[in-house]
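J.: Residue numbers (our numbering): 18 to 469.
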Amino acid sequence: MAHIAHDPHARPDGKTTMELGAVLPLTAEVRHDHLFIGGVDTVELAQEFGTALYVMDEEHIRVQLRNYLEWTRYHWRDVDVVYAGKAFICKAMCRLVEEEGCYLDVSSGGELAIALAAGFPAQRILAHGNNKTIRELTECISFGVGRIVVDSLEELARIDRLALEQGTTQPILIRVTPGIVADTHEYIQTGAEDSKFGFGLRDGLAMEAVREAIALNGIDFKGLHMHIGSQIFALNSYAKAIEVIVHFMEEVRAKTGCVVAELDTGGGLGIAYGVPDEPATIKQYGKVIVDDIKEHCEQHALPVPRILVEPGRSIVANAGVTLYTVGTIKHIPGVRTYVAVDGGMTDNIRTALYDAHYEPTIANKAARPRDTVVTIAGKHCESGDVIAVDTPLQHTEDGDVLCVFATGAYCQSMASNYNKQVRPGVVFVRDDTARLVVRRETYEDLMRCDVE
Ligand SMILES: Cc1ncc(COP(=O)(O)O)c(C=O)c1O
């Protein structure tokens with residue numbers, strides 16, 4: 018299997034935990050050889066709450082949200098930050114997003130239900146999805162979701178009909194695919210013309226959708242949306258897409274007389290999964306997004322729209338770690354050493370899905386150098402069930418607490434019950450205190466939907 022091909026160049030890197038740099042949560046520190054996050058000993062967390070366990074650094078999440086607000090609004094006052102709930106969502110996260118003055122994007126009726134149950138104001142929610150069901154659309158409209166991001170002409174007609182039936186008009190954005198191929202894994206590129214998302218520009222569908230939206234009585238056309246992909250390092254991908262979409266805004270004004278009032282540039286800013294990764298900063302990102310929109314609007318004599326940005330991964334990924342307990346260690350002479358943990362592809366599918374790279378440490382040996390090379394395997398019935406292949410790690414023994422960094426995004430939200438594994442709990446840590454925000458599933462949870 019390609020994704021567990023042996024890396025002949027893998028070497029111990031001799032790094033101690035704190036030398037992993039930008040991969041770590043903001044409040045990570047090592048005390049007496051133990052990894053602490055939010056002032057809390059992760060080894061004690063593993064004992065208290067059991068493993069596998071997701072631990073989120075609350076301070077890190079808040080700082081990221083504030084950075085986005087600061088560095089986008091620094092260049093233009095009318096910007097809102099919409100946290101992309103798909104990266105990681107639970108009621109506590111929704112409340113935190115609201116407390117920080119941000120908006121929330123949801124991609125399903127389930128995410129919407131969680132947000133509403135957390136008391137998140139519907140007006141501050143954007144609803145996404147390339148195939149929203151009638152039920153989901155009805156719920157969005159009846160709960161008063163602030164914007165539905167429309168993905169097809171059929172959906173536009175459905176929203177119009179449902180809104181009129183409910184005696185209302187629904188504010189919407191039209192999702193445009195700007196034809197830009199972002200420099201990232203093909204599974205998470207979304208802005209190319211051959212995409213299941215949004216309306217193409219070249220084929221005229223985007224203009225047709227805008228015309229329809231303006232004409233329909235149940236629709237309140239607010240503006241445009243784009244999202245070119247995820248884990249993007251090259252900010253010039255955004256610059257190119259902005260040039261294209263602002264040009265389209267000009268075309269919309271010329272052909273319909275309508276001035277686009279809002280522009281949502283999606284999410285996608287990359288993060289450091291590995292020590293050498295150097296993603297752009299939120300400050301650099303904010304400057305490119307806002308300055309480029311302003312510049313192109315000026316060139317076309319367009320008013321600068323309200324700008325929305327939709328970060329997910331860059332808010333939560335480095336805030337989160339997963340703790341596991343080490344079980345079987347299998348040395349295969351001349352091949353590799355497998356360190357097996359009490360989780361795997363059910364709590365982190367990203368390595369199996371797209372060769373994601375992770376940095377681990379032993380939480381109870383955190384001050385020691387990573388002086389061996391091992392492959393961290395899960396406990397599930399797939400050879401591809403690995404978390405980190407040929408990775409440096411401290412000398413490891415049965416019972417050690419293994420910590421995998423940068424698992425705060427797209428791990429818990431993509432978790433499954435394969436092999437009827439119970440999904441881990443989530444603990445938020447801050448100011449020397451841990452609070453359980455999602456409890457670990459039980460065997461009863463695994464059967465709660467069985468009706469016979
Ligand atoms: C429409 C939309 N907005 C925002 C995001 C968040 O992207 P990221 O987590 O890369 O910031 C996604 C993720 O795929 C998305 O599909």
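Note that the Cβ used here is the ideal one computed from N, Cα and C, for glycine as well.
Run the proximity test for Ala-470: is its beta-carbon closer than 7 Å to any non-hydrogen atom belonging to ligand 1?
T.: Any question about residue 470 goes unanswered here, given that the chain covers just 18 to 469.
J.: State yes or no: is the C-beta of Gln-429 nearer than 7 Å to some heavy atom of ligand 1?
T.: The residue labelled residue 429 in the question sits at position 412 within the sequence shown. Gln-429 Cβ: outside cutoff for every heavy atom of ligand 1.
J.: What's the call for Ala-432, buried or exposed, on a 16-neighbour Cβ count within 10 Å?
T.: Translated into the one-based positions of the sequence shown, residue 432 becomes position 415. So Ala-432 ends up on the buried side.
J.: With H, G and I counted as helix, E and B as strand and the rest as coil, what does DSSP make of Phe-250?
T.: Mapped onto the sequence shown, residue 250 falls at position 233. DSSP places Phe-250 in coil when its eight states are reduced to three.
J.: At which residue ranges does the segment 71 to 146 contain complete beta strand (DSSP E) runs of 3 or more residues, listed in the order of the chain?
T.: List check, beta strand (DSSP E) in window: 96 to 101, 120 to 123, 142 to 144.
J.: Could you please give the first and the last residue of the uninterrupted alpha helix (DSSP H) stretch that includes Gly-303?
T.: Translated into the one-based positions of the sequence shown, residue 303 becomes position 286. Unbroken alpha helix (DSSP H) run through Gly-303: 299 to 316.
J.: Using the rule of at least 16 other Cβ atoms within 10 Å of the residue's Cβ for burial, across every protein chain shown, is Arg-152 buried or exposed?
T.: Along the sequence shown, read from residue 1 onward, the residue named residue 152 stands at position 135. By the neighbour-count rule (16 or more Cβ atoms within 10 Å), Arg-152 is not buried but exposed.
J.: Less than 8 Å between the beta carbons of Val-356 and Val-343, yes or no?
T.: Here residue 356 is taken as the residue at index 339 of the sequence shown, counted from 1. Here residue 343 is taken as the residue at index 326 of the sequence shown, counted from 1. Yes. Within cutoff.
J.: Short check: CB of Gly-360 to CB of Tyr-341, under 8 Å?
T.: Start at 1 with the first residue of the sequence shown, and residue 360 comes out as number 343. Start at 1 with the first residue of the sequence shown, and residue 341 comes out as number 324. Against a cut-off of 8 Å, the Cβ pair of Tyr-341 and Gly-360 comes out as a contact.
J.: I want to check one thing, is the minimum distance from the CB of His-49 to the heavy atoms of ligand 1 below 7 Å?
T.: Position 32 of the sequence shown, counted from the start, is the residue given in the question as residue 49. No, ligand 1 has no heavy atom inside 7 Å of this Cβ.
J.: Tell me where the alpha helix (DSSP H) around Gln-64 begins and ends.
T.: Working through the sequence shown from its first residue, we reach residue 64 at position 47. Taken as a continuous stretch (DSSP letters only), the alpha helix (DSSP H) holding Gln-64 covers 59 to 66.
J.: So, at 6 Å on beta carbons, what are the nonlocal neighbours of Lys-317 in its own chain, with the 5 sequence-adjacent residues on each side left out?
T.: Your numbering for residue 317 matches position 300 in the sequence shown. First, the residue type needs correcting, since residue 317 is His and not Lys in the sequence shown. Cβ within range, chain order: Glu-267.
J.: Would you check if the segment 292 to 305 and the segment 250 to 266 touch, i.e. whether three or more CB-CB distances between them fall below 8 Å?
T.: These segments touch.
J.: Strictly by DSSP, which residues pair up with Asp-482?
T.: Lying outside 18 to 469, the shown extent of the chain, residue 482 is not represented and no answer is given.
J.: DSSP three-state label for Lys-382, please.
T.: Here residue 382 refers to the residue found at position 365 of the sequence shown. If DSSP states are grouped into helix, strand and coil, Lys-382 belongs with the helices.
J.: Grouping DSSP H, G and I as helix and E and B as strand, with all else coil, what is Gly-221?
T.: What you label residue 221 is simply residue 204 of the sequence shown in a count that begins at 1. In the structure shown, Gly-221 sits in coil (DSSP, three-state: anything other than H, G, I, E or B).
J.: What would DSSP say about Thr-273, mapped onto helix, strand or coil?
T.: As a first step, residue 273 is located in the sequence shown; it is residue number 256 there, counting from the start. Of the three classes helix, strand and coil, the one that applies to Thr-273 here is helix, per DSSP.
J.: Between the alpha carbons of His-412 and Val-358, how many angstroms are there, rounded?
T.: Start at 1 with the first residue of the sequence shown, and residue 412 comes out as number 395. Start at 1 with the first residue of the sequence shown, and residue 358 comes out as number 341. Answer to the nearest angstrom: the Cα atoms are 15 Å apart.
J.: In the DSSP assignment, the alpha helix (DSSP H) including Phe-214 goes from what residue to what residue?
T.: Here residue 214 refers to the residue found at position 197 of the sequence shown. Element bounds for Phe-214: n/a, residue is neither H nor E.
J.: What residues are listed by DSSP as bridge partners for Thr-450?
T.: For this step, residue 450 is matched to residue 433 along the sequence shown. DSSP output for Thr-450 lists Arg-447 as bridge partner(s).
J.: With distances taken Cα to Cα, identify the nearest neighbour of Glu-315 among Glu-260, Asp-407, Asn-234.
T.: Numbered from its first residue, the sequence shown carries residue 315 at position 298. The shortest Cα separation from Glu-315 among Glu-260, Asp-407, Asn-234 belongs to Glu-260.
J.: With DSSP as the reference, please indicate the residues paired to Leu-410 in a beta bridge.
T.: What you label residue 410 is simply residue 393 of the sequence shown in a count that begins at 1. According to DSSP, Leu-410 bridges with Thr-389.
J.: Within the continuous alpha helix (DSSP H) that includes Val-439, where are the two ends?
T.: Looking up residue 439 in the sequence shown gives position 422. Per DSSP, Val-439 belongs to no alpha helix (DSSP H) and is neither H nor E.
J.: Could you compute how far the alpha carbon of Ala-276 sits from the alpha carbon of Gly-287?
T.: Here residue 276 refers to the residue found at position 259 of the sequence shown. Here residue 287 refers to the residue found at position 270 of the sequence shown. Ala is not the amino acid found at residue 276; the sequence shown has Val there. Answer to the nearest angstrom: the Cα atoms are 32 Å apart.
J.: Pull up the distance between the alpha-carbon of Ala-383 and that of Glu-414, whole angstroms please.
T.: Locating residue 383 in the sequence shown gives position 366, where the first residue counts as 1. Locating residue 414 in the sequence shown gives position 397, where the first residue counts as 1. Computed Cα separation, rounded: 14 Å.
J.: Give the range of the alpha helix (DSSP H) segment to which Ile-151 is assigned.
T.: Taking the sequence shown and counting its residues from 1, the one referred to as residue 151 is at position 134. Residues 151 to 160.
J.: Quick check: the Cα distance between His-82 and Arg-112, rounded to an integer number of angstroms?
T.: Position 65 of the sequence shown, counted from the start, is the residue given in the question as residue 82. Position 95 of the sequence shown, counted from the start, is the residue given in the question as residue 112. At residue 82 the sequence reads Leu, which differs from the His that was named. About 13 Å.
J.: Considering Cα atoms alone, identify which of Tyr-435, Val-162, Ala-45 is closest to Thr-363.
T.: Against the sequence shown, residue 363 aligns to sequence position 346. Cα-wise, what sits closest to Thr-363 is Tyr-435.
J.: Shorter than 7 Å, the distance from the beta carbon of Glu-327 to the closest heavy atom of ligand 1, or not?
T.: Residue 327 sits at position 310 when you count from the first residue of the sequence shown. Yes, since a heavy atom of ligand 1 falls inside the 7 Å radius drawn around the Cβ of Glu-327.
J.: Taking 7 Å as the cut-off, is the beta-carbon of Gly-136 closer than that to any non-hydrogen atom of ligand 1?
T.: For the purposes of this step, residue 136 is identified with residue 119 of the sequence shown, where counting begins at 1. False, no ligand heavy atom lies under 7 Å from that Cβ.
J.: In chain order, what residues of the same chain have a beta carbon less than 8 Å from the beta carbon of Met-18, not counting five sequence neighbours either side?
T.: The residue labelled residue 18 in the question sits at position 1 within the sequence shown. Interpretation of Met-18 is limited by its pLDDT of 45, a score under 50 that renders its predicted location unreliable; no figure is taken from the coordinates.
J.: Is the Cβ of Gly-303 closer than 8 Å to any Cβ of chain D?
T.: The chain labelled as chain D is not found in the depicted structure, where only one protein chain is given.
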